[in-house]
Amino acid sequence: MFLIRWLGNLSVSKKFYIIIGCILFMLLFGLGSFWMAMTTMSSIRAYVAGEGLWSKAQKEATISLGKYATSYDQADYEDFIEFLEIPLGDKQARLELEKPEPDLTIARQGFLDGGNHPDDIDNLIFLFRRFRTVSYLDAAIQVWTKGDALIEQLIELGDTMHTIIGASDAPLDASEQAILDRQLAPLIEENEAIDTRLTILENEFSATLGEGSRSITSILLILMVALSSLFGIFVLFIALFIARTVTQVDAAKSEFVAMVSHQLRTPLTLIKWSIERLRKIDLSALTSPARDDIETIQLETKRMAALISDILDTSRMEAGTLVVQPYEIDLVAATKTILAEVRPSAHEKGLKVEESYPESLVTLADPTLLQVIFMNLLSNAIKYTQRGGTIRVSLEKDPRGVLITVADTGNGISAEEQSYVFDKLFRGKNAARTDPVGTGIGLFLVKSIVTKAGGTIWFSSEEGKGTTFYVRLPPVGMRTHKGNIHLSNPLQRDR
1 MFLIRWLGNL SVSKKFYIII GCILFMLLFG LGSFWMAMTT MSSIRAYVAG
51 EGLWSKAQKE ATISLGKYAT SYDQADYEDF IEFLEIPLGD KQARLELEKP
101 EPDLTIARQG FLDGGNHPDD IDNLIFLFRR FRTVSYLDAA IQVWTKGDAL
151 IEQLIELGDT MHTIIGASDA PLDASEQAIL DRQLAPLIEE NEAIDTRLTI
201 LENEFSATLG EGSRSITSIL LILMVALSSL FGIFVLFIAL FIARTVTQVD
251 AAKSEFVAMV SHQLRTPLTL IKWSIERLRK IDLSALTSPA RDDIETIQLE
301 TKRMAALISD ILDTSRMEAG TLVVQPYEID LVAATKTILA EVRPSAHEKG
351 LKVEESYPES LVTLADPTLL QVIFMNLLSN AIKYTQRGGT IRVSLEKDPR
401 GVLITVADTG NGISAEEQSY VFDKLFRGKN AARTDPVGTG IGLFLVKSIV
451 TKAGGTIWFS SEEGKGTTFY VRLPPVGMRT HKGNIHLSNP LQRDR
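Sequential numbering from 1 applies to the sequence shown in UniProt numbering.
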């Protein structure tokens with residue numbers, strides 16, 4: 001409960017920072033676990049390789065000692081001593097690492113003397129120090145210790161044999177040779193016995209390491225899965241909590257915007273009525289600037305009313321489900337009616353309006369939504385087309401549906417901004433320069449309406465040359481869509 005209250009008191013941005021932090025922690029934890037697993041496996045592999053070197057050196061040492069017992073050749077004894085340097089080097093490393101505060105330089109030198117690859121030495125030390133108390137590694141080290149004890153016995157045996165052979169004067173007669181053979185016979189047997197016991201320990205060491213490898217791998221896997229699952233559940237809980245909070249905040253924001261927009265309509269309506277009353281009286285007594293001010297107030301009032309209607313429509317759509325109630329209409333007649341409303345604005349800018357459509361095109365459409373689509377596309381075309389430009393409107397029907405085209409020779413849209421055109425509140429740079437007070441809501445509304453009606457919308461544009469918008473409705477016309485949100489009629493906003 002404390003965690004929920006604490007999260008609830010944080011801002012949305014801080015909640016997102018928490019999610020990002022948790023995700024980063026999970027990534028770092030995963031990388032750390034992967035590193036630990038790889039290092040552990042590499043360390044076990046290094047010990048297996050080291051055991052192979054140890055075993056081979058021990059075998060060669062016992063063979064050399066056996067040869068020395070029959071050849072009396074000092075070279076064989078020196079080979080015996082040389083081969084034992086590998087087990088003795090590993091022993092030095094083991095004894096140093098067993099200390100509470102080992103000298104790692106001594107341990108590294110011991111492993112080097114043991115013939116281990118320099119790149120493996122840090123992993124050998126890591127495994128010994130970090131997993132020394134783990135049962136499998138502890139058992140392997142105990143076997144290693146027993147092996148070192150047998151190597152000490154082997155060294156003592158070699159010293160004894162070297163003393164006996166060195167004390168004999170060559171050449172020996174038959175009786176002296178017989179005496180020497182009797183002295184060396186038990187030593188040769190002991191050499192073979194030590195070799196056998198060492199072979200058993202070597203096999204046990206390898207088996208223990210293999211079992212340890214499988215055990216450590218399982219432990220790491222279980223630990224990683226368990227911690228990752230627990231942490232993942234925690235992150236999911238936070239993400240769901242934040243998502244719910246964001247949804248609530250967004251809903252509250254939309255409700256607030258809708259309420260404010262609705263409340264603004266009342267004073268705007270009063271202002272509009274007052275302007276209308278002023279226009280009905282004799283304004284000749286007013287100065288020319290005063291009359292211009294009245295015209296400006298009327299124009300800006302209309303603009304503000306249209307803006308509020310767009311904001312309300314957007315808020316309604318975000319708060320509920322858009323209603324699409326199509327019925328059979330003549331699309332050509334409807335288009336001409338809408339064009340009649342915007343044609344004065346086009347003529348005022350000296351724009352040429354070209355029309356191309358069949359004599360009649362009957363389809364299913366929601367008149368209000370159709371007017372929202374046309375009014376937004378046409379008003380944008382007029383607004384962003386320079387004086388003397390051309391606007392083209394066409395309708396056609398084919399097997400794929402009804403295609404509505406609105407083209408202009410205006411500003412166009414830059415290539416890098418085209419992917420954002422239908423985003424809510426987005427405005428291109430050149431559009432913002434042409435009309436600084438635009439909202440960036442219109443095309444978002446058009447896209448939402450067309451999608452709900454089962455149609456598609458797209459455009460082609462080249463900056464500086466113009467834009468063409470295409471709206472394709474299904475062959476049967478707009479699809480019925482049940483909901484609870486009705487948009488305002490753009491043709492009735494100023495009436």
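We treat Cβ as the ideally placed atom computed from N, Cα and C, and that holds for glycine.
Kindly indicate which three-state DSSP category phenylalanine 128 falls into: helix, strand or coil? helix
Considering only the beta carbon of each residue, do isoleucine 373 and valine 421 sit closer than 8 angstroms? no
Using a 10 Å radius around the Cβ and a threshold of 16 neighbouring Cβ atoms, would you call glutamate 96 buried or exposed? buried
Whole angstroms are fine: how far does the CA of glycine 442 sit from the CA of aspartate 423? 10 angstroms
If you reduce the DSSP assignment to three classes, tell me which class aspartate 366 lands in. coil
Reference arginine 132; option with closest CA among Thr105, Lys99, Arg108 and Asp292: Lys99
Specify the secondary structure class of histidine 481 as computed by DSSP and reduced to three states. strand
Let me know the beta strand (DSSP E) ranges lying completely inside the segment 360–413, each 3 residues or longer, listed in chain order. 362–365, 390–398 and 401–408
Please name the residue in Arg433, Gly477 and Asp366 whose C-alpha comes closest to that of glutamate 396. Gly477
Cβ neighbour criterion (16 or more within 10 Å) applied to glutamate 354: exposed
Have a look at alanine 340 and arginine 427 and give me their C-alpha separation to the nearest angstrom. 27 angstroms
Alpha-carbon spacing of glycine 158 relative to leucine 88, whole angstroms: 15 angstroms
Inter-residue Cα distance where the pair is isoleucine 151 and tryptophan 144: 10 angstroms
Which value, in whole angstroms, describes the spacing of the CA atoms of alanine 75 and alanine 69? 12 angstroms
DSSP state of tyrosine 327, grouped into three classes? strand
Along the chain, where does the alpha helix (DSSP H) containing tyrosine 77 start, and where does it finish? 74–83
Of the choices Arg472, Lys465 and Ile18, whose alpha-carbon is the least far from that of alanine 453? Arg472
Taking 8 angstroms as the CB-CB limit, is leucine 154 close to chain D? Of the chains in the structure shown, none is chain D; there is only one protein chain.
Could you pull out every residue in the same chain whose Cβ sits closer than 7 angstroms to the Cβ of serine 394, ignoring the five residues on either side in sequence? Ser356, Tyr357 and Thr405
Proximity below 8 angstroms, CB of glycine 410 to CB of leucine 425: no
Just the Cα atoms here: how many angstroms apart are isoleucine 44 and arginine 129? 13 angstroms
Inter-residue Cα distance where the pair is threonine 287 and glutamate 295: 13 angstroms
Own chain, CB closer than 6 angstroms to threonine 456, minus 5 neighbours either side, in chain order: Arg472
Check each candidate in Ser64, Ile86 and Asp73 and name the one with the smallest Cα separation from aspartate 79. Ser64
Between the Cα of proline 326 and the Cα atoms of Ile179, Lys336, Arg343 and Leu364, which residue gives the shortest distance? Leu364
Output the distance between the C-alpha atoms of valine 202 and threonine 208, rounded to the nearest integer angstrom. The sequence shown places glutamate at residue 202, not valine. The straight-line gap from Cα to Cα measures roughly 10 angstroms.
So, using beta-carbon positions, are cysteine 22 and valine 324 closer together than 8 angstroms? no
With 16 other CB atoms within 10 Å as the buried threshold, where does serine 175 fall? exposed
Say whether the segment 211–226 touches the segment 160–167, bearing in mind that this needs 3 or more beta-carbon pairs closer than 8 angstroms, one atom from each stretch. no
According to DSSP, which residues form a beta bridge with tyrosine 470? Thr405 and Trp458
Using beta-carbon positions only, say whether phenylalanine 29 and leucine 227 come within less than 8 angstroms of one another. yes
Quick check on isoleucine 449: buried or exposed, where buried means 16 or more other Cβ atoms within 10 Å of its Cβ? buried
Report the CB separation of glycine 412 from glutamate 462 in whole angstroms; it is logged as a contact under 8 angstroms. 5 angstroms
With distances taken between CB atoms, is the gap from glycine 50 to asparagine 123 smaller than 8 angstroms? no
Per DSSP, serine 356 is paired with what? Ser394
Under 8 angstroms between the Cβ atoms of alanine 57 and isoleucine 86? yes
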